[in-house]
Each structure stands twice: as C-alpha cells, then as structure tokens.
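Notes follow the structure.
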Amino acid sequence: MSEIKVALVGLDTSHTIQFGKRMNDPNCDPKLKVDGLKAVACMRFETPFQDKKGLDARQAELEGWGIKVTESFEECVADCDAIMLEINDPAYHLEYFEKAAKLGKPIFLDKPMADTYASGKKIYDLAKEYNVPVFSSSSLRYVTAVAEAKATMSEPEFVAVYGAMGVAPAGSSVVWYGVHAMEMLQRLMGPGAVSVKSIQDDKGVVCVVKYKNGNRGIVELNTGSSVYGGVVRTKGKAYPFVVDMSMAYTLQLQEVAKFFAGEEASVSLDDTLEVMDLLDTAQRSLDSGCEEKLNGTY
Numbered sequence: 017m018s019e020i021k022v023a024l025v026g027l028d029t030s031h032t033i034q035f036g037k038r039m040n041d042p043n044c045d046p047k048l049k050v051d052g053l054k055a056v057a058c059m060r061f062e063t064p065f066q067d068k069k070g071l072d073a074r075q076a077e078l079e080g081w082g083i084k085v086t087e088s089f090e091e092c093v094a095d096c097d098a099i100m101l102e103i104n105d106p107a108y109h110l111e112y113f114e115k116a117a118k119l120g121k122p123i124f125l126d127k128p129m130a131d132t133y134a135s136g137k138k139i140y141d142l143a144k145e146y147n148v149p150v151f152s153s154s155s156l157r158y159v160t161a162v163a164e165a166k167a168t169m170s171e172p173e174f175v176a177v178y179g180a181m182g183v184a185p186a187g188s189s190v191v192w193y194g195v196h197a198m199e200m201l202q203r204l205m206g207p208g209a210v211s212v213k214s215i216q217d218d219k220g221v222v223c224v225v226k227y228k229n230g231n232r233g234i235v236e237l238n239t240g241s242s243v244y245g246g247v248v249r250t251k252g253k254a255y256p257f258v259v260d261m262s263m264a265y266t267l268q269l270q271e272v273a274k275f276f277a278g279e280e281a282s283v284s285l286d287d288t289l290e291v292m293d294l295l296d297t298a299q300r301s302l303d304s305g306c307e308e309k310l311n312g313t314y
C-alpha cells in the first residue's frame, strides 16, 4: 500500500517536528516510528507562539527529512492526500480549517479545537457543511494510562485529573494549557457535562465540572508542574494513574494514520466540541467568579 501524503499547516508548534520525525526521519527510533504516512510539505508563518528564528531552526530540521517548507497554503496542500493543521495559536484554527475544509481532504486538527467555543462551533458546522472527515484531539486522550483507567472503570461517578498550567503567549491560558487535562476528563467520564465552576490561586486553576447524571469531575491545572494523572472512582472503588508521555505522540499519530487510511475518527467531533466547550466555560467561570453553564448540550 502506498504512503499517504500529508501536508503540515503550521510550524509554530513542536508537534510539527514530532509528527514529521515519526513520519519521515529514517533515524527515528523504530518504536516511535509510524508507518503509512509521509509528510510532503509544511506551511510556516509567525505567530505569538514562535518567532522567525525558531521557525528557521524548525524548517532546517524538516528539510533534512525531505519535507518542503513554504509560506504558501496553496503550495503546501497542492500534492497531499490529507492535512494536519499544526498551529499552536488556536486563534488561527478557524481561518485555516475553513481553507482546508473546502478541499474535501481528511483533516487532523491539533489541540485545542479553537480559541473559543464560538470558533469551535463554526469549525464543527463547517465540517458538516463540507462533509469533510475531521479528527481533533489532544494526545492525552490516547496515552496508555488513560486507556487503562477507562478499561478498568468504564462508568466512573467521579473523575479527578491534573496537569500543567502556565501563561500562554496569546489567548486564554486555561484553553491552551487546560486542553490536555480536559481531554482526559472527557475520555474517562464521557459526554454530559452541564456546568463548570473555576477558581484560581497562586498554584493554578481548579475546575469543578457537573454532569447531568449527577457525576462530578475535577480538573486541576498546576503551575510549575508538567505531570499528568488522575483517579477514577465509584463510591466503592478507586483507580489512580500517572501518565507516561514517552509514547504520546506516536500513539496519537497511529490513530491519525488509521483515520487518514479511511477509518472513522476514534473521537467524535461532538466529543471534541464538548472539550472545547468545557475549556471555554472554565474561562468564563474564572472571568465571572460564578458557576457557568456550557454553551451546548452533550
């Protein structure tokens, strides 16, 4: 079977390098390598998340793996079978998703879905309008520890997860940093969130998520910590876990490869929109100081 030719849109994120390496680098560690995909081109442009110097360094690395780097979207996607939108700044996601959706090729949209729920809902609606296959998630959805926690306790009543928090170069830090932990929560608890109450202190942000069936989720975003993990519980049982990130990009890219090969995305766009809504609502709660209802129904 011939390799699927992939266009990478965006170079302001290290994910472009991580995924490009796993697709194209002949010296990539065999256990990290993902077969069936070949990155053919990448579009670069500056954002608040990466300056010209950083882009130049990344471009040199991609070119060493045979990936053409251009500043033209049209040139980037001219000879591809599928598109990976790898833009660190989520404020650009809607603009480039609309350009990509019109081509009708399968799209992987890297996290977070967008910068706001409103933009995420427009992306959702465009995907339906153009009937284009879309897959969007954080890699934390696919790490082994989360998969094992879900398999061990498929219907928990309580889920508490924790992850990193910092200051994003632009936009909401809750959206940008919080997506990984919210992705874990949504995977473990499933859909049905109705409200979020967020509080902030000098250690970060804590979000309490209520569900329509009475379940409760807690998302703890901690400054100065890069560790991810959590615990899933029922009234009588508990299963704690800590995430090993060493295989995260490979596990996610394996899901992307199956999706580009024609399989249904392993996360629905409805679930992706709920993650976006949780993040948006968490930020609104911080801003208002009150519990806030989600924008949509899941």
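Just so we're aligned, residue 17 is where the sequence shown starts under my numbering, counting upward by one. We put the beta carbon where it would ideally sit given N, CA and C, even for glycine.
Bounding residues of the alpha helix (DSSP H) (the contiguous stretch that carries residue 301): Boundaries of the alpha helix (DSSP H) harbouring residue 301: 285-304, taken from the DSSP string.
Using 9 Å as the limit for Cβ to Cβ distance, is residue 218 near chain C? No chain C is part of this structure, which consists of one protein chain only.
Please determine if the stretch 191-209 and the stretch 228-241 are in contact, where contact requires at least 3 C-beta pairs separated by less than 8 Å. Result yes; three or more Cβ-Cβ pairs closer than 8 Å.
Going by C-alpha distance, which of 144, 148, 311 and 261 is nearest residue 297? Closest by alpha carbon: 311.
With a threshold of 6 Å on Cβ separation, who are the neighbours of residue 255 within its own chain once the five nearest residues in sequence on each side are excluded? Hits under 6 Å: 165, 168, 169 and 248.
Does the separation of the CB atoms of residue 130 and residue 118 fall below 9 Å? no
Straight-line CA distance for residue 49 to residue 124? 18 Å
Take residue 132 and list the residues in its own chain whose beta-carbon comes closer than 7 Å to its own, dropping the five residues that flank it on each side. 296
Sub-9 Å separation of residue 251 and residue 173 beta-carbons: yes
Please list, in chain order, all residues of the same chain as residue 142 whose beta carbon is under 7 Å from its beta carbon, the five residues on each side excluded. Answer for residue 142: 113, 114 and 117, listed in chain order.
Does the structure place the stretch 268-279 close enough to the stretch 185-194 that three or more beta carbon pairs sit under 8 Å? no
Excluding the five sequence neighbours on either side, which residues of its own chain have a C-beta within less than 6 Å of the C-beta of residue 223, listed in chain order? 212, 214, 235 and 298
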